[in-house]
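Asks:
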Amino acid sequence: MIELGEVPDVNPQDFNASDVAALADRLERDDYDNAFESLNDWHILRSLAFKGSSLVEPYRYLLDLEAFDEC
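Numbering (this note's numbering), first residue to last: 7 to 77.
Written as structure tokens, this is what we have:
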């Protein structure tokens, strides 16, 4: 598990379409025991998006990215 305050190190090659869909489904349903678990999934999805993974495209709305977000 990721420690509080740590951003997960994400390699897009470690994820397939069903992995990203499951992560997005958890985020949509807010299916977590605590807020830190959801934040971890959100950081993973965001990291995949910033690294150019096309798997994230159907779920970009979950990230609420703004033009000023840094990479």
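Where a beta carbon is used, it is the ideal one built from N, C-alpha and C, also for glycine.
From a predicted model like this one, the values you see are computed outputs, not experimental measurements.
Among the candidates LYS57, ASP70, TRP48 and ASN40, whose CA atom is the shortest distance from the CA of ALA28?
Replies: Looking up residue 28 in the sequence shown gives position 22. Among LYS57, ASP70, TRP48 and ASN40, the Cα nearest to that of ALA28 belongs to TRP48.
Asks: Here's the rule: buried if 16 or more other CB atoms are within 10 angstroms of the residue's CB, otherwise exposed. What is ARG52?
Replies: For this step, residue 52 is matched to residue 46 along the sequence shown. If you draw a 10 Å sphere on the C-beta of ARG52, you find 16 or more other C-beta atoms in it, and that means buried.
Asks: Please state whether DSSP places VAL16 in a helix, a strand or coil.
Replies: The count along the sequence shown starts at 1 and reaches residue 16 at position 10. Looking at VAL16 - three-state DSSP - the assignment turns out to be coil, as it is neither helix nor strand.
Asks: Here's the rule I'm using: 16 or more other beta-carbon atoms within 10 Å means buried, otherwise exposed. How should ALA41 be labelled?
Replies: Residue 41 sits at position 35 when you count from the first residue of the sequence shown. Exposed.
Asks: Comparing C-alpha positions only, which one of PRO64, SER60, GLU34 and GLU43 sits nearest to PRO18?
Replies: One-based indexing of the sequence shown puts residue 18 at position 12. Ranking the options by Cα distance to PRO18, first place goes to SER60.
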